[in-house]
Amino acid sequence: MQRSEKDGPIAKGKLLNATFELDGREYLAFDGGPTFSFSEGMSLMVTCKTQQEVDGYWTKLTEGGGEEGPCGWLKDRFGVSWQIVPEVLGQMLSDHKSGNSEAAMQAMLKMKKLDIATLEKAYRGSAVA
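For the sequence shown, counting from 1, position 19 maps to 7 in this note's numbering; every step adds exactly one.
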């Protein structure tokens, strides 16, 4: 972490940038000041194996002023956009051979937090015999 060393345009001690690691990858974050804000143009995606994982991330990231969005999107209390996505959704939506992907897509479009059981029911309910 790098902090401002003296008062001036940026107050002494204010965080200027920080390096952090997630899943073996290094990231660098900057304080862009009030001129720049977050948008959906930059979002972080969390792929979840279970509904319990989806629920856990959703709860933690929306608490303290976060906002729910459509189709598994949310903004945390800092305004950072996240996509909390069940792993199986990618498989369902990419299944163009069976014709079942559209039903999963339509179910997803009605949701905020994604529900694996509802997505699977829609996907299986449209199965071609």
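Virtual Cβ for every residue (Gly too), placed ideally from N, Cα, C.
- Contact between the stretch 4 to 19 and the stretch 49 to 64 is not established, with fewer than three Cβ pairs separated by less than 8 angstroms.
- Sorting Pro22, Phe8, Asn5, Ala95 by C-alpha distance to the C-alpha of Cys59 places Ala95 at the top.
- If only uninterrupted beta strand (DSSP E) runs of at least 3 residues are considered, those enclosed by the stretch 9 to 85 are 13 to 18, 31 to 36, 61 to 63, 69 to 74.
- Here Leu4 carries a strand assignment [DSSP, helix/strand/coil].
- In this structure, Ala17 is the residue among Ala17, Ala(-1), Trp70 with its C-alpha nearest to the C-alpha of Met(-11).
- Glu56 is a Cβ neighbour of Lys101, given a cutoff of 9 angstroms.
- Per DSSP, Gly113 is one residue of the alpha helix (DSSP H) stretching across 104 to 113.
- Annotation for Gly1: Arg(-9), Ser(-8) place their beta carbon closer than 7 angstroms to its own, counting only its chain and skipping 5 residues before and after.
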